[in-house]
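Chains as they are written, first to last, in the numbering used here: chain A, 31 to 331; chain B, 4 to 541.
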Amino acid sequence: MKPTIAILLTVFSAITGTARAKLNVVATLADYAAIAREIGGDHVDITSMAKPTEDPHFVDARPSFVVKLRSADILIEGGAELEVGWLPPLLQNARNAKLDTGAIGRVQACEGIRLLDVPATLSRAAGDVHASGNPHFMVDPIIAKAVAAHIARAFSSADPANAASYAANNKKFEATIDAKLQEWGKALLPFRGQHLAAYHDDWLYFAHRFGFEVDVFLEPKPGVPPSPSHLAEVIGKIKAEKIKAIIVEPYHNRKIATKVASSTGAHVVDAAQYPDGLPNTATYVELIDVLVTRLTTALKN
Amino acid sequence: MQTIRNLAVFLTISLLSSRLQAESPATPAPSNEEIHQQLLGMQKALQDQQTRHQAELAALKKQIADQQMVIDSLKPAVPDSPAPPPPTPSKAAPPDPAPAFPTTDPSLVPDAPAVPPAGKQPPSAPATAGDSFPTTDPSIVTDGPASGPSAGLLPSPGLLGGAAAKGSYLNISFDAVIAGAASTDPNLSSLEVGDHDPQQRGFNARNVELALDGAVDPFFEGFANIVFKLDNNNQTQVEVEEAFGQTTDLPFGLQAKAGQFFTQFGRINPTHPHTWDFVDAPLVQGLLLGPDGLRGVGAQLAWVIPLPFYAQAIMALQNGQGGTGYSFRNPGDTGTFFDRSTIHRQTDGLSDLVITPRLEASVDLTSTQTILGGLSAAFGPNDTGYNSSTQIYGADLFYKWKPSDAEGGWPYVKWQSEAMVRRYEAGQGLNNTFTAAETFHDWGAYSQVVWGFYKGWAAGLRGDYMHMQTSDVTNDPQRQSRSRVSTDLTWYPSEFSKFRLQYNYDKLQSNAFLPSRDENSLFLMYEIALGAHGAHKF
Numbered sequence: 031m032k033p034t035i036a037i038l039l040t041v042f043s044a045i046t047g048t049a050r051a052k053l054n055v056v057a058t059l060a061d062y063a064a065i066a067r068e069i070g071g072d073h074v075d076i077t078s079m080a081k082p083t084e085d086p087h088f089v090d091a092r093p094s095f096v097v098k099l100r101s102a103d104i105l106i107e108g109g110a111e112l113e114v115g116w117l118p119p120l121l122q123n124a125r126n127a128k129l130d131t132g133a134i135g136r137v138q139a140c141e142g143i144r145l146l147d148v149p150a151t152l153s154r155a156a157g158d159v160h161a162s163g164n165p166h167f168m169v170d171p172i173i174a175k176a177v178a179a180h181i182a183r184a185f186s187s188a189d190p191a192n193a194a195s196y197a198a199n200n201k202k203f204e205a206t207i208d209a210k211l212q213e214w215g216k217a218l219l220p221f222r223g224q225h226l227a228a229y230h231d232d233w234l235y236f237a238h239r240f241g242f243e244v245d246v247f248l249e250p251k252p253g254v255p256p257s258p259s260h261l262a263e264v265i266g267k268i269k270a271e272k273i274k275a276i277i278v279e280p281y282h283n284r285k286i287a288t289k290v291a292s293s294t295g296a297h298v299v300d301a302a303q304y305p306d307g308l309p310n311t312a313t314y315v316e317l318i319d320v321l322v323t324r325l326t327t328a329l330k331n
Numbered sequence: 004m005q006t007i008r009n010l011a012v013f014l015t016i017s018l019l020s021s022r023l024q025a026e027s028p029a030t031p032a033p034s035n036e037e038i039h040q041q042l043l044g045m046q047k048a049l050q051d052q053q054t055r056h057q058a059e060l061a062a063l064k065k066q067i068a069d070q071q072m073v074i075d076s077l078k079p080a081v082p083d084s085p086a087p088p089p090p091t092p093s094k095a096a097p098p099d100p101a102p103a104f105p106t107t108d109p110s111l112v113p114d115a116p117a118v119p120p121a122g123k124q125p126p127s128a129p130a131t132a133g134d135s136f137p138t139t140d141p142s143i144v145t146d147g148p149a150s151g152p153s154a155g156l157l158p159s160p161g162l163l164g165g166a167a168a169k170g171s172y173l174n175i176s177f178d179a180v181i182a183g184a185a186s187t188d189p190n191l192s193s194l195e196v197g198d199h200d201p202q203q204r205g206f207n208a209r210n211v212e213l214a215l216d217g218a219v220d221p222f223f224e225g226f227a228n229i230v231f232k233l234d235n236n237n238q239t240q241v242e243v244e245e246a247f248g249q250t251t252d253l254p255f256g257l258q259a260k261a262g263q264f265f266t267q268f269g270r271i272n273p274t275h276p277h278t279w280d281f282v283d284a285p286l287v288q289g290l291l292l293g294p295d296g297l298r299g300v301g302a303q304l305a306w307v308i309p310l311p312f313y314a315q316a317i318m319a320l321q322n323g324q325g326g327t328g329y330s331f332r333n334p335g336d337t338g339t340f341f342d343r344s345t346i347h348r349q350t351d352g353l354s355d356l357v358i359t360p361r362l363e364a365s366v367d368l369t370s371t372q373t374i375l376g377g378l379s380a381a382f383g384p385n386d387t388g389y390n391s392s393t394q395i396y397g398a399d400l401f402y403k404w405k406p407s408d409a410e411g412g413w414p415y416v417k418w419q420s421e422a423m424v425r426r427y428e429a430g431q432g433l434n435n436t437f438t439a440a441e442t443f444h445d446w447g448a449y450s451q452v453v454w455g456f457y458k459g460w461a462a463g464l465r466g467d468y469m470h471m472q473t474s475d476v477t478n479d480p481q482r483q484s485r486s487r488v489s490t491d492l493t494w495y496p497s498e499f500s501k502f503r504l505q506y507n508y509d510k511l512q513s514n515a516f517l518p519s520r521d522e523n524s525l526f527l528m529y530e531i532a533l534g535a536h537g538a539h540k541f
């Protein structure tokens, strides 16, 4: 009995040992996975933990993630408390020294990004706020470039043999974004300065980049479900500020947004923060393309 | 170095050419047109040379910048040192001799305020269609390496309980559970089997806990859970419920832990009451593992087995003494257990300790459904006789469904079941004074379904059964076979507070000493959590 187990284990470790030619990358969220794919190309294997349509704050710490983290060379996370509710116990069980805080394999995307909305006073009376600032920064393409460069550096450190390829892919991504920014900026320019409504306060980086003001939220406070009295107030504000679009994500209660839209004349814009969260948005650029198109369509009406 | 040398060449040439420029009109040679022409030719040659050098210089600068980019891209993401000061402004014009030391550093002090006033972010898009759209933004993305210092740098997640508060080495959280109870049983403590369950009619505050955790050093992390309990006389009792250190970076998926900790037996036992889906503990938990759960001082080794699916083997060795080793070396509160005067067994060898192996495994059935199952056991001596021992075996199964577009974790369905069997050798007590030695085969199970049907709301149903082997000689109030049905409704105003209303129907069967009875109970529980954001284990 015992020798059988030992043989099985030896065979297994031999298989896993030889099959590990590619860099094994685990991303907490689909946006990091999408960018890692652009940088890594064929040299990396990428797993995304959260599904693109899933609320990133509330991902179940499923034990199958432990298996993925155990053999990972690189972990890409947002940081800034975004994954605090589910990542720590997984890392604790994965026991992978490569992913320790400060190790080459631990990429915290928020590093080097100056987060917006850092609360001056920390209090949960303000709802589910993040002490380090708003962590939903990836919808700003300029930040996405910085994160891509960060990922490229980490890949190069962990896999120096392919460093040139990672640097080239990063340069290509950067050039694509720079070109696309002109396109997106031009498309959204006519609507500059407009006010928008959103279900949850996670569009401020997008708004900051393209000159919108997202300042009406269906949630009374981040993470707190909309109450009838708050919605009445929201409807009043949308009418007063002549807001034309309400941004909703796949995991939000769309019915509530539809109701607000029908009583104000605003349009519900089905958006997503994560590639593949909407149809035909497998890459980061495709996602922003769709967001820009949907927003301009809603605002033109 | 190249830059400096080029600058020197450049300076020399500029000086020469400016002198020539100054001299040539000042010293005209009207008498000698040839000399004048020669001088003009030399001046032109020098000017050409100067232009050529300037072009070379620009090319070299570009080369340096490109090389710097490659160097930057090869730099590890680990923050090694603060960002170097940015190079002095490099313009093609002769360098300004004024400030040699940089007086600004955008990598540390951005041009724009780090935190724009809330709600009023200055739009950064260009004002007119003519401008090209900016592709950089130093106010948000710092110029230096991404690992440089920044306002949004997270200190250190990855610890037991959650993210550290900024600049703190220790996560602190506080949790209080307050429960109001009404029951047909005037003595609720004879009905409720857990020590943190409501134990009297009226109000109960039996689980007020302070949890501390953090990284000890690069090798260990520490965790402590101190429980304050108000007993039925409103006296405060303090329990060091858990206090242990564990390794973080052992190889081969191993982890060692030592201290006071909950035994990894089944699903409910290793968890704290505020994470439960019902107000009270299941019958098997309280009656077989003990009112305080099975925990104690000891050491544990866990190994994540390298398989394509999650599987972990855990083995612990603990003292198993006192009330928290309920079915083991437990002398009983009044010196009796199961009607017998207890011996006070010393630790003479490993066989006097409680050993608890566990094997657990999990698979994702689909992308939205996961099951986690486990087999546990606990072996050790007990205090009812000189050669008496106890064996407990358990099996547990947990299933969860959550759709891929769940909002804040809702909706969901959780189904959790545990079954336990206990073989308890009840000896003849201290000095063999009890009439008979018996071996009890007790078993029980519970199964519960919790349905999170709308964001912030969950409904639960639980069935409990406990079979206690009958005895004609052992008169103990705990040895009554019984069953229970519970249903509850929970409202979570946020992740950090909850209200729970629960109804219990208890049916206790008669035995040789106790009559049968039916009891109805109603609980209203309120919980608040403060401090570090606790992570949710699966």
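Every residue gets a Cβ at the ideal spot worked out from N, C-alpha and C, and that includes glycine.
Check: Touch test, the segment 518-538 of chain B against the segment 174-187 of chain B, Cβ-Cβ under 8 Å, three pairs minimum; Outcome: yes
Check: Neighbouring residues, chain B, relative to Trp116(A) (Cβ below 7 Å); Outcome: Ala538, His539
Check: Cβ distance (whole Å) where Ala262(A) is taken to contact Ile276(A) below 8 Å; Outcome: Between Ile276(A) and Ala262(A) the Cβ distance is about 15 Å, and since that is not below 8 Å, they are no contact.
Check: Sub-8 Å separation of Ala227(A) and Val254(A) beta-carbons; Outcome: no
Check: Leu368(B): first and last residue of the uninterrupted alpha helix (DSSP H) it sits in; Outcome: Note, Leu368(B): premise wrong, no alpha helix (DSSP H); not H, not E.
Check: Segment limits, alpha helix (DSSP H) that includes Val169(A); Outcome: Val169(A) -> no alpha helix (DSSP H), and no H or E assigned at all.
Check: Asp571(B) in three-state terms, based on DSSP; Outcome: In the structure as shown, chain B starts at 4 and stops at 541, and residue 571(B) therefore has no counterpart that could be examined.
Check: Straight-line gap, Ser392(B) to Thr438(B) (C-alpha atoms, nearest Å); Outcome: 18 Å
Check: Residue range of the unbroken beta strand (DSSP E) whose run includes Tyr243(B); Outcome: The sequence given here has Val at residue 243(B), not Tyr. Unbroken beta strand (DSSP E) run through Val243(B): 239-250.
Check: Leu211(A): first and last residue of the uninterrupted alpha helix (DSSP H) it sits in; Outcome: 193-218
Check: Same chain only: Cβ atoms within 6 Å of Lys510(B), ignoring 5 sequence neighbours per side; Outcome: Ser486, Asp521
Check: Thr339(B) to Ala422(B) span [Cα, whole Å]; Outcome: 27 Å
Check: Given Lys52(A) as reference, the closest of Glu243(A), Val264(A), Gly266(A), Ala188(A) once Cα atoms are compared; Outcome: Ala188(A)
Check: Burial state of Asp306(A), where buried means 16 or more other Cβ atoms lie within 10 Å; Outcome: buried
Check: Rounded C-alpha distance that separates Ala332(A) from Thr493(B); Outcome: Because residue 332(A) is not part of the residues shown, which for chain A are 31 to 331, the question remains open.
Check: Rounded Cβ spacing between Val55(A) and Ala64(A) (contact assumed at less than 8 Å); Outcome: The pair is not a contact, with the Cβ atoms about 12 Å apart (cut-off 8 Å).
Check: Segments assigned beta strand (DSSP E), at least 3 residues, entirely inside the segment 408-449 of chain B; Outcome: 415-429
Check: Any chain A beta carbon closer than 8 Å to Gly459(B); Outcome: yes
Check: Sequence ranges, beta strand (DSSP E) only - wholly within the segment 304-369 of chain B, length at least 3; Outcome: 313-321, 357-367
Check: Chain-order list of residues whose beta-carbon lies under 8 Å from that of His180(A) (same chain, five-residue window excluded); Outcome: Val137, Ala139, Glu141, Gly142
Check: Extent of the continuous alpha helix (DSSP H) run through Ala66(A); Outcome: 60-70
Check: Whole-angstrom C-beta distance between Glu279(A) and His230(A), which should lie under 8 Å; Outcome: 7 Å
Check: Proximity to Thr371(B) [Cα-Cα], best of Val357(B), Ala409(B), Ala316(B); Outcome: Ala409(B)
Check: Secondary structure of Tyr506(B), DSSP reduced to three states; Outcome: strand
Check: Thr251(B) vs Phe223(B) beta-carbon contact at 8 Å; Outcome: yes
Check: Where the beta strand (DSSP E) through Asp198(B) begins and ends; Outcome: Careful: Asp198(B) lies outside any beta strand (DSSP E) and carries neither H nor E.
Check: Given 8 Å, three or more beta-carbon pairs between the segment 113-120 of chain A and the segment 143-158 of chain A; Outcome: no
Check: Where the alpha helix (DSSP H) through Glu243(A) begins and ends; Outcome: That residue, Glu243(A), is in no alpha helix (DSSP H); its beta strand (DSSP E) goes 243-247.
Check: Extent of the continuous alpha helix (DSSP H) run through Ser486(B); Outcome: Per DSSP, Ser486(B) belongs to no alpha helix (DSSP H); it is in the beta strand (DSSP E), 485-497.
Check: Cβ neighbour criterion (16 or more within 10 Å) applied to Gln240(B); Outcome: exposed
Check: For Ala328(A), three-class secondary structure by DSSP; Outcome: helix
Check: Same chain, Cβ closer than 7 Å to Ala80(A), five either side skipped, listed in chain order; Outcome: Thr58, Leu59, Ala60, Pro86, Val89
Check: Residue(s) in a DSSP beta bridge with Asn523(B); Outcome: Tyr508(B)
Check: DSSP state of Ala179(B) mapped onto helix, strand, coil; Outcome: strand
Check: Partners in chain B for Gly295(A), counting only beta-carbon separations shorter than 7 Å; Outcome: Neighbours of Gly295(A) on chain B: none; closest Cβ ~23 Å, over 7 Å.
Check: Proximity of Arg298(B) and Gln263(B) at Cβ, strictly below 8 Å; Outcome: yes
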